[in-house]
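Novice: Submitted below is the structure of interest, expressed as structure tokens.
Numbering (our numbering), first residue to last: 530 to 931.
Below, the structure is given as structure tokens:
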């Protein structure tokens, strides 16, 4: 009997380890989506830089999160013998891998906002500080109950802040950090002339579309496998993710008047928004969440570029920042049992938690990028920006002219 229990425990731990490893691999693949979405959106002279930033940022993120960030968020370190780390099929290590891919999404999001004008080394320094300290601080508050904030919300409003797969913890944080960096960097040179917006056309709609599709596919690992165990997996999360993605697509298609850039960002807006409540909402509520997110992205991107003169290249603040906040709040609306959800969520907690994520991101973003700008500088020179980051920083273009 004891051997049977041991075999069953081994099977459970092995299955859970494989499950979360598959999730980590899917989210890792999403970073290719971030890369190609940026490559397709920026001008041709900045494509190499886009690819180089995403991979370099991931490597820096992996190091600082493994050694510092994960410890800050969860109080767990890996300074132990390998024999201990391999316990339960190494589940704890693979869980860190999975959550690392979430953390590394933050600089990947920021990269799209500050594209075409940011210096390379300073951005890597910012990545290290954000992924080591700022992101894990808020991650630990929400997902590990650090500082008693969740317990206070539970006692005060009857439910903690619910963010199943990171509408606020990952996406809103990334979007508002990006906004801080964009505001400190300023617009790309030539973007506004004589008070009018000058269009910088995307370099490759096929690459942009490829990036969107890779992100869409990987997102089902992002959301579904946030359960982190086979026992916790739910088909409701998968269908809600699908419905929100479809809602965001159709809404952006209509609001964006068939523009392919808006069309291919629409599904991402819906997926950003559904992360928080994908495990609670009814599929119709998820569809409504996606419909709002797609329209919100198109309207805010247009307003930011034309009226507010916020030169956010990929629109990561509207896409991740605002749609992420909407997702946190939508969880408190459509997660209610009265609207077909599973309940156990408080609108007040969702609003407060979402606003807290915005404040932490803005404060952290201005602190990190403001410090780096003062010490080392953030922007390419006028000549480097005119020449393009590819030749200025990497000494090679995206394609050969021979």
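Idealized CB from N, CA, C, for every residue including glycine.
Please list, in chain order, all residues of the same chain as residue 768 whose beta carbon is under 8 Å from its beta carbon, the five residues on each side excluded.
Specialist: The residue you call residue 768 lines up with position 239 of the chain shown. Excluding residues within five positions, the ones whose Cβ falls inside 8 Å are 812 and 815.
Novice: Taking 7 Å as the threshold (C-beta atoms), are residue 838 and residue 729 in contact?
Specialist: For the purposes of this step, residue 729 is taken as residue 200 along the chain shown, with counting starting at 1. For the purposes of this step, residue 838 is taken as residue 309 along the chain shown, with counting starting at 1. No, the pair does not count as a contact, with Cβ atoms beyond the cut-off.
Novice: Can you find a C-beta in chain B that's less than 7 Å from the C-beta of residue 816?
Specialist: Considering every chain present, this structure includes no chain B. It has just one protein chain.
Novice: Under the DSSP definition of a beta bridge, which residues are partnered with residue 908?
Specialist: Numbered from 1 along the chain shown, position 379 holds the residue referred to as residue 908. For residue 908, which the question treats as bridged, DSSP gives the partners 647.
Novice: Please classify residue 782: is it buried, with 16 or more other beta-carbons within 10 angstroms of its beta-carbon, or exposed?
Specialist: Translated into positions along the chain shown, residue 782 becomes position 253. So residue 782 ends up on the buried side.
Novice: Grouping DSSP H, G and I as helix and E and B as strand, with all else coil, what is residue 722?
Specialist: Along the chain shown, one-based indexing puts residue 722 at 193. DSSP places residue 722 in strand when its eight states are reduced to three.
Novice: Classify residue 804 as helix, strand or coil using the three-state DSSP reduction.
Specialist: As a first step, residue 804 is located in the chain shown; it is residue number 275 there, counting from the start. Three-state result, residue 804: coil.
Novice: Go ahead and pull the three-state DSSP assignment for residue 757.
Specialist: Residue 757 sits at position 228 when you count from the first residue of the chain shown. Here residue 757 sits in coil by DSSP.
Novice: Quick check on residue 772: does DSSP put it in helix, strand or coil?
Specialist: Taking the first residue of the chain shown as position 1, residue 772 is located at position 243. Of the three classes helix, strand and coil, the one that applies to residue 772 here is helix, per DSSP.
Novice: Can you tell which of 912, 859 and 624 has the C-alpha that lies nearest to the C-alpha of residue 600?
Specialist: Here residue 600 refers to the residue found at position 71 of the chain shown. Selected option, being the one with the closest Cα: 624.
Novice: Can you look up residue 787 in the DSSP assignment and give me helix, strand or coil?
Specialist: Reading the chain shown from its first residue, position 258 is the one you call residue 787. Three-state result, residue 787: coil.
Novice: Report the rounded CA-to-CA distance for residue 588 versus residue 659, giving the unit in angstroms.
Specialist: Here residue 588 refers to the residue found at position 59 of the chain shown. Here residue 659 refers to the residue found at position 130 of the chain shown. One C-alpha to the other measures close to 14 Å.
Novice: First and last residue of the alpha helix (DSSP H) that includes residue 624?
Specialist: Position 95 of the chain shown, counting from 1, holds the residue named residue 624. Element bounds for residue 624: 616-642.
Novice: Leaving out five residues on either side along the sequence, give the residues of the same chain with a beta carbon under 7 Å from the beta carbon of residue 747.
Specialist: Here residue 747 refers to the residue found at position 218 when the chain shown is read from its first residue. Closer than 7 Å at the Cβ level, and outside the excluded window around residue 747, lie 555, 556, 558, 559 and 562.
Novice: Just to confirm, is the Cβ distance from residue 909 to residue 720 under 7 Å?
Specialist: Along the chain shown, one-based indexing puts residue 909 at 380. Along the chain shown, one-based indexing puts residue 720 at 191. Not closer than 7 Å, so no.
Novice: Can you say whether residue 863 is buried or exposed, counting buried as having 16 or more other CB atoms within 10 angstroms of its CB?
Specialist: Here residue 863 is taken as the residue at index 334 of the chain shown, counted from 1. Its Cβ being crowded by 16 or more others within 10 Å, residue 863 is buried.
Novice: What are the boundary residues of the alpha helix (DSSP H) that residue 707 is part of?
Specialist: On the chain shown, position 178 is the one that residue 707 refers to. Its alpha helix (DSSP H) spans residues 702-714.
Novice: For the 8 Å Cβ check, are there 3 or more pairs between the region 537-557 and the region 618-635?
Specialist: Yes, they touch.
Novice: Tell me whether residue 849 is buried or exposed, calling it buried when 16 or more other Cβ atoms sit within 10 Å of its Cβ.
Specialist: Position 320 of the chain shown, counted from the first residue, corresponds to residue 849. Its Cβ being crowded by 16 or more others within 10 Å, residue 849 is buried.
Novice: For the region 884-903 against the region 729-746, are there 3 or more C-beta pairs whose distance is under 8 Å?
Specialist: The answer is no - the region 729-746 does not touch the region 884-903, with fewer than three Cβ pairs under 8 Å.
Novice: Distance check for residue 598 and residue 613, CA to CA, integer angstroms please.
Specialist: Indexing the chain shown from 1 puts residue 613 at position 84. Indexing the chain shown from 1 puts residue 598 at position 69. Their backbone Cα atoms lie some 21 Å apart in a straight line.
Novice: Is it right to say residue 764 is buried, meaning 16 or more other beta carbons lie within 10 angstroms of its own, or is it exposed?
Specialist: Taking the first residue of the chain shown as position 1, residue 764 is located at position 235. Burial call: exposed.
Novice: For residue 668, count the other beta carbons within 10 Å of its own beta carbon; 16 or more makes it buried, fewer makes it exposed. Which is it?
Specialist: Residue 668 sits at position 139 when you count from the first residue of the chain shown. Under this definition residue 668 is a buried residue.
Novice: From this set, 545, 672 and 594, which residue's C-alpha is nearest residue 606's C-alpha?
Specialist: Reading the chain shown from its first residue, position 77 is the one you call residue 606. It is 594 whose Cα lies nearest to the Cα of residue 606.
Novice: Do residue 777 and residue 715 have their beta-carbon atoms positioned less than 7 Å apart in this structure?
Specialist: Reading the chain shown from its first residue, position 186 is the one you call residue 715. Reading the chain shown from its first residue, position 248 is the one you call residue 777. Taking 7 Å as the Cβ cut-off, residue 715 and residue 777 do not qualify as a contacting pair.
Novice: Can we say the region 662-680 touches the region 690-703, given the rule of at least three CB pairs closer than 8 Å?
Specialist: Verdict: yes, contact present.
Novice: Would residue 759 be called buried (16 or more neighbouring beta carbons within 10 Å of its own) or exposed?
Specialist: The sequence position of residue 759 within the chain shown is 230, counting from 1. Exposed, because fewer than 16 other Cβ atoms sit within 10 Å of the Cβ of residue 759.
Novice: Buried or exposed: where does residue 867 fall if 16 or more other Cβ atoms within 10 Å of its Cβ makes it buried?
Specialist: On the chain shown, residue 867 is found 338 positions in, with the first residue counted as 1. It counts as exposed.
Novice: Compute the minimum distance between the beta carbon of residue 682 and the heavy atoms of the ligand COA, and state whether it is under 6 Å.
Specialist: In the structure on display, the ligand COA does not appear, and there are no ligands present to speak of.
Novice: Which first and last residues belong to the alpha helix (DSSP H) in which residue 592 is found?
Specialist: Here residue 592 refers to the residue found at position 63 of the chain shown. Residue 592 -> alpha helix (DSSP H) spans 576-593.
Novice: Would you check if the distance between the CB atom of residue 830 and the CB atom of residue 844 is smaller than 7 Å?
Specialist: Taking the first residue of the chain shown as 1, we reach residue 830 at position 301. Taking the first residue of the chain shown as 1, we reach residue 844 at position 315. In contact: residue 830 and residue 844 (Cβ atoms closer than 7 Å).
Novice: Suppose only complete runs of 4+ residues qualify. What are the alpha helix (DSSP H) ranges in the region 834-878, listed by chain order?
Specialist: 852-863, all fully within the region 834-878.
Novice: Could you name the residues of the same chain whose beta carbon sits closer than 7 Å to that of residue 710, not counting the 5 residues immediately before and after it, in chain order?
Specialist: Numbered from its first residue, the chain shown carries residue 710 at position 181. So the qualifying residues of the chain are 639, 642, 643, 894 and 898.
Novice: How should residue 832 be labelled, buried or exposed, when 16 other C-beta atoms within 10 angstroms of its C-beta is the threshold for buried?
Specialist: Start at 1 with the first residue of the chain shown, and residue 832 comes out as number 303. Exposed, because fewer than 16 other Cβ atoms sit within 10 Å of the Cβ of residue 832.
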